[in-house]
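Trainee: These protein sequences, in sequence, are chains A and B.
Residue numbering for the first sequence follows this note's numbering, starting at 1 and increasing by one per position.
Residue numbering for the second sequence follows this note's numbering, starting at 1001 and increasing by one per position.
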Amino acid sequence: MSEPTLGLERAGLQDLYRSLCLTRAAEERLELLQKQGHVTGGLYRSLGQEAGAVGAAYALRRRTDGTGDMLCHTIRAAGALFLFGGELIDYFRQYMAKGTSPTRGREANVHWFDFQKGFVGPVSPLGTMIEIMAGMTLSFRVRGEDRIGIVFYGDGASSTGAWHEGLNFAAVQRCPMILIVENNQWAFSTPTSKNTRVSSFTEKGPGYGIDTEAVDGTDVLAVFDAVRRAALQVRSGGGTHMIELNYFRRKGHAQHDPQDYVDPVVIRAWEKKDPLDLYRSRLLHNEWASEEELMVIEEQTFEECRVAAEAAIAEPYPEGSEAVLGVYTDVAMPHPWTRSNSPDPTLA
Amino acid sequence: MDPETPEHLLKTKRGEPVTMLEAISEALFEEMIRDESVFLMGEDIGVYGGAFKVTRDFLSFFGENRVIDTPIAEGGFTGAAAGAAHMGLRPVVEIQFMDFISPAYDVITNYIATSNYRGAGPQPLVIRGPVGGGNRGGPFHSQNVEMAFFHTPGLKIVYPSTARDAKGLLKASIRDDNPVIFEEHKGLYRAPSLREVLPDDDYVVPLGEARIVREGTDITIVTYGSMVHKSVEAAETMETEDGVSVEIVDLRTLLPLDEDAIVESVKKTNKLLVVHEDTRTGGIAGEIAIRVSEKAFEWLDGPILRVTAIDAPVPYSGSLEDYFLPQTDDVLKAARYLAAY
Ligand SMILES: Cc1ncc(C[n+]2csc(CCOP(=O)(O)OP(=O)(O)O)c2C)c(N)n1
Ligand SMILES: [Mg+2]
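This is the structure in structure tokens:
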């Protein structure tokens, strides 16, 4: 007997798999690029968490004309970024700090923006983006638009003042916002139990007066279903919601972290809950896809990443002197006179 | 049975050279041995030993009451440090990257810095962590934070440039009864050129005293942190190629500023160049220039110049960041201009 398809057609069910494969292939490509010396700065994997980002973003209204829902992803939610139209090549350009990247080399990795497509990149200081998304969705509410916003954060980020202040503000103002808590059980080397006394974020939600649901974050359909239901309520004036994704960070915090503080037995147990493997079996078992179709998806996503990365490699880094640009909308920052041909500070 | 002192914290005892990072670890370790009221708080400092491993093996040695892995709450744990300081403890908090000190800005400036003045008593605590650019860290893992706090009376700000100073200054900071913001340039942490054998005694480097890195007669460069080393490079080139003698003053403590050392050097050389890695507008060069104007105007034989980062967020890409940061060539060009003035 087949499982319920949650209203998804065969194409949609395969789309989800495609996004999962794309996320993983992109990150694996990054690892390769880093070994080759092409990546500037740190590299962060979402191994084991791909389904959370994909399932959630797929449940939202994605448009390219600035009228859709808004996403704020995290470094471990690249799948959501791609679903909202973030280009693969831009992802590589960002990690490589190329002058052709959306931020022209000024900012790192997934920290980029496209308000037409509906995504706003995070900043590093944790918690801030809840405040930002509260304001974005407040504007939807006060203008009577039926748009909603979704903001991702890890479990550890919930300890910050910004997380609390932003969420409480959103709750009180009944902002049409969904907070996704990526509970991967670790915040760098700190277990979730050292960031919060509650064992589930479903215990925190009531403190803010908002509906909260916990889902298996390795199950792409379960996440899709939960976010779709939450989105329906939020869009119809139900106020702010929170959804906790439960899964496990199977790699270190960043690639430079060997994660020796985590019991390897636990990691191995979570390998059995790999979101791609799990969903692949279901696609086959339910005959939502054939083995051939899946192999094509796997090959295509691998190839797309290879091609995009190769193209990005060939592109130039920014000119150093561009560092003075864009600080203000109108006022130009002066170049240091010591970089100019000027013999004299008074002439620069 | 007491746990053994971790091997890597005994380098100075064994007469081996240490990096600046190791010097900082030794200072923390020795202060915690010396004074039971000293304890540490911060993110990932225990089990992991800190993002940069400054407190590696401290947890197993001192236990969970003295090495506390905190929630990600810079405002919360810095405020808690203030409370503990009132009760007679001497907290040393680590901010994982000093860029993330901002949530603690409120409690530092409104509470901690004003405490003694308000009669609530001294605040003997240290807030330390990595700062500075050059590591392709982008806008949020590269900032220098001194000038966000320089304007707040009641705080002290320390920014070492060598292993020896880092150890002695951190010890002095921990023993100081005032709140100290202690900046550690991450580019200097493991720099091989900074490895040195430290005195095997309980030395401290007093706060508020600059150090003459290099004596000279023609120009004074006042600087601190990573720029001390770029300034030395420039000075050496000036000496061999131009026959110009550059004196370098390493501030070491930014607040309170060692005005006497600056003024004395300027009176000797009659020319002043200030070099800092921090951005330009509102950088410490402005404060130094006005003090020299007040105290040594008659001695100046040229304009006071500065070499600094440009006024922008710290960019990520290597080419942009290199342009953003002041480089040895900038120091050289400015110093040559002054020498010829
Ligand atoms: C305010 C602030 N403090 C510290 C950091 C450094 N930091 C970056 S990620 C991280 C751990 C985040 O854990 P979590 O929120 O659970 O996300 P995960 O990495 O597990 O996805 C820390 C401490 C930061 N980015 N912002
Ligand atoms: Mg986490």
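We put the beta carbon where it would ideally sit given N, CA and C, even for glycine.
Starting from A:L126, find everything on chain B with Cβ-Cβ shorter than 7 angstroms and list it in chain order.
Mentor: I1072
Trainee: Can you grab the Cα-Cα spacing for the pair B:D1260 / B:L1254, in whole Å?
Mentor: Rounded to whole angstroms, B:D1260 to B:L1254 spans 13 angstroms at the Cα level.
Trainee: When we look at the beta-carbon of A:R306 and count the other beta-carbons within 10 Å, is it buried (16 or more) or exposed?
Mentor: exposed
Trainee: Count the other CB atoms within 10 Å of the CB of B:D1200; is the residue buried (16 or more) or exposed (fewer)?
Mentor: exposed
Trainee: Could you tell me which residues DSSP puts in a beta bridge with B:R1090?
Mentor: As DSSP reads the structure, B:R1090 sits in a beta bridge with B:V1038.
Trainee: Just to confirm the assignment: which complete beta strand (DSSP E) runs, minimum length 3, are found wholly within the region 21 to 101 of chain A?
Mentor: 70 to 72
Trainee: Please classify A:N341 as buried or exposed, where buried requires at least 16 other C-beta atoms within 10 Å of its C-beta.
Mentor: Counting the other CB atoms within 10 Å of its CB gives A:N341 a total below 16, which places it among the exposed residues.
Trainee: Is it buried or exposed, A:I178, if we count other Cβ atoms within 10 angstroms and call 16 or more buried?
Mentor: Classification for A:I178: buried.
Trainee: Going by beta-carbon coordinates alone, are A:A367 and A:H73 separated by less than 8 angstroms?
Mentor: In this structure chain A extends from 1 to 348, so residue 367 of chain A is not present and cannot be described.
Trainee: Nearest chain A C-beta to B:N1138 closer than 8 angstroms, yes or no?
Mentor: It should be noted that the sequence gives Gly, not Asn, for residue 1138 of chain B. So yes, B:G1138 belongs to the interface.
Trainee: Check whether the region 238 to 250 of chain A and the region 28 to 38 of chain A touch, using three or more Cβ-Cβ pairs below 8 angstroms as the test.
Mentor: no
Trainee: Output, in chain order, the set of chain A residues within a Cβ distance shorter than 7 angstroms of B:Y1316.
Mentor: T40, G41, A97, G105, R106, E107 and A108
Trainee: For A:Y91, would you say it is in contact with chain B, using Cβ-to-Cβ distances shorter than 8 angstroms as the test?
Mentor: no
Trainee: Tell me the DSSP bridge mates of A:I297?
Mentor: DSSP, once it has assigned bridges, lists no residue as partnering A:I297.
Trainee: Using C-beta distances below 7 angstroms, list every residue in its chain close to B:I1045, excluding the 5 sequence neighbours before and after it, in chain order.
Mentor: T1055, V1067, D1069 and E1094
Trainee: Can you tell me whether DSSP reads B:N1270 as helix, strand or coil?
Mentor: coil
Trainee: Kindly indicate which residue of A:Y279, A:Y44, A:R197 and A:A214 has the alpha-carbon position closest to the one of A:N183.
Mentor: A:A214
Trainee: Buried or exposed: B:L1010, going by 16 or more other Cβ atoms within 10 Å of its Cβ?
Mentor: By the 10 Å Cβ count, B:L1010 comes out exposed.
Trainee: Cβ of A:W186 within 7 angstroms of any heavy atom in ligand 2?
Mentor: yes
Trainee: Hey, how far is the Cα of B:H1185 from the Cα of B:A1166?
Mentor: 10 angstroms
Trainee: Could you check if A:M1 is buried or exposed, using at least 16 other CB atoms within 10 Å of its CB as the buried criterion?
Mentor: exposed
Trainee: If I follow the unbroken beta strand (DSSP E) through B:E1236, where does it start and stop?
Mentor: Run containing B:E1236: none in the beta strand (DSSP E); it sits in the alpha helix (DSSP H), S1226 to T1237.
Trainee: So, does the CB of A:D263 fall closer than 8 angstroms to a CB anywhere in chain B?
Mentor: No - not a single Cβ of chain B is within 8 angstroms of the one on A:D263.
Trainee: Could you tell me the alpha carbon to alpha carbon distance between A:S200 and A:V262, rounded to whole angstroms?
Mentor: 20 angstroms
Trainee: For chain B, check one thing: does any of its Cβ atoms lie closer than 8 angstroms to the Cβ of A:A78?
Mentor: Under the Cβ distance rule, A:A78 does not count among the residues neighbouring chain B, no pair being separated by less than 8 angstroms.
Trainee: Who pairs with A:E107 in a beta bridge, going by DSSP?
Mentor: DSSP output for A:E107 lists no bridge partner at all.
Trainee: At what residues does the alpha helix (DSSP H) containing B:R1214 begin and finish?
Mentor: Boundaries for B:R1214: no alpha helix (DSSP H) harbours it, while the beta strand (DSSP E) harbouring it runs R1211 to R1214, taken from the DSSP string.
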